[in-house]
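Engineer: Provided herewith is a single structure, encoded as structure tokens, for subsequent inquiry.
Shown next as structure tokens:
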């Protein structure tokens, strides 16, 4: 059983990654000292949602919504 599926549908327009649009995020980017981006989960009209690994002692996966 696979825990995560790849996104195969259309993705958000790259030209929307600009000031006032989506915030650019790349795989393995860090947010603070606790989270490392490992994949994209979804996108909406004004945000993207990324799967991240908690780098603290818990090593759990979390969802980060970037507005």
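Residue numbers (the numbering used here): 1 to 67.
C-beta: ideal position from N, C-alpha, C; glycine also.
None of these values were measured; they are calculated from a predicted model.
Going by the beta-carbon positions, is the gap between residue 15 and residue 43 smaller than 8 angstroms?
Structural biologist: no
Engineer: What residues match up with residue 30 in a beta bridge as DSSP calls it?
Structural biologist: 36
Engineer: I'd like the list of long-range same chain contacts for residue 54, defined as Cβ closer than 8 angstroms, with 5 residues on each side in sequence excluded.
Structural biologist: Within its own chain, the residues whose Cβ lies closer than 8 angstroms to the Cβ of residue 54, once the five positions on either side in sequence are excluded, are 34, 35, 60, 61 and 62, listed in chain order.
Engineer: Between 47, 65 and 32, which has its C-alpha nearest residue 19's C-alpha?
Structural biologist: Relative to residue 19, the option among 47, 65 and 32 whose CA is nearest is 47.
Engineer: From residue 26 to residue 66, what does the alpha carbon distance come to, in whole angstroms?
Structural biologist: 12 angstroms
Engineer: Counting C-beta neighbours from all protein chains within 10 Å, is the total for residue 22 16 or more, i.e. buried, or is it exposed?
Structural biologist: Burial call: buried.
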